[in-house]
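The sequence shown maps to residues 0 to 193 in numbering that gives the first Met the number 0.
We put the CB at the ideal spot given by N, CA and C, even for glycine.
Please read the structure below before turning to the comments.
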Amino acid sequence: MISLFIDTSLEDVSIALVKEGKELSQIHEYIPGKHSIYVTKYISDILKNNNLSPDNVDEIIVVNGPGSFTGIRIGVTIAKMFAYIKKIRIVTITSLKARVLGHTGNYLLTTIDAKHNNYYVGVYDKEYNTIEEKFTSFKEVEELKEKYSPVVIDQTTPYQVEQIVSYTKKLKSENPHGVNPIYLKLPEAMEKKC
């Protein structure tokens, strides 16, 4: 089975291919504001570099947030269309949970900078069950660290895509039309209107 992993939730884009549980290749690039230009190119490149075509992909795993409003929408839309056209399995995973997979500890905590001294934070137990995923302040992140004494994984920690693929095997395939971005807070432009 060949899995295509897509994450466009941050200014860094990650595209990876995993075959039978082993990573074939990964592209990780910093492309702020240019997701719409490069994501489909990177998918095409990673397939070509591994002598594969879109027809060889059996499933798509897409990060559906939280993170960059526009980036998430681009990645989710590409993944939905790919899965719909090719009639293949699609599953979603949050950017927070994806970061902790493969790490060990009684509790795991990951953060993504949400600007203005705020963070998206995820807290998980040793089996990766979600305790909390939310938008919060730096102060509350520190309180969560004190409460759980977790292993801390930040947004610069590379994904362990083999672990992500393994974890998502137990998830039910989603209807591509039902796959949507998740936002733990309104985008800044929407907040200003409210």
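Pairwise C-beta distances place the stretch 28–35 in contact with the stretch 69–80, as three or more of them are shorter than 8 Å. Beta bridge pairing from DSSP links residue 145 with no other residue. Exposed is the label assigned to residue 170, since fewer than 16 other Cβ atoms lie within 10 Å of its Cβ. Residue 96 is classed as buried because its beta carbon has at least 16 other beta carbons within 10 Å across all chains shown. Here DSSP, grouped into helix, strand and coil, assigns residue 108 to strand.
Secondary structure remark: continuous beta strand (DSSP E) runs of at least 3 residues inside the stretch 66–134, in chain order: 88–92, 106–112, 117–124.
DSSP places residue 41 in the uninterrupted alpha helix (DSSP H) bounded by 34–48.
A buried status is given to residue 63, since no fewer than 16 other beta-carbon atoms sit within 10 Å of its beta-carbon.
Only residues of its own chain outside the window of five on either side were considered, and among them 5, 38, 39 have a CB closer than 7 Å to the CB of residue 77, listed in chain order. Remark: fewer than three beta-carbon pairs, one from each stretch, lie closer than 8 Å, so the stretch 79–88 and the stretch 111–122 are not flagged as touching. Note that the C-beta distance between residue 163 and residue 107 is not below 8 Å.
Secondary structure at residue 165: helix, using DSSP grouped into helix, strand and coil.
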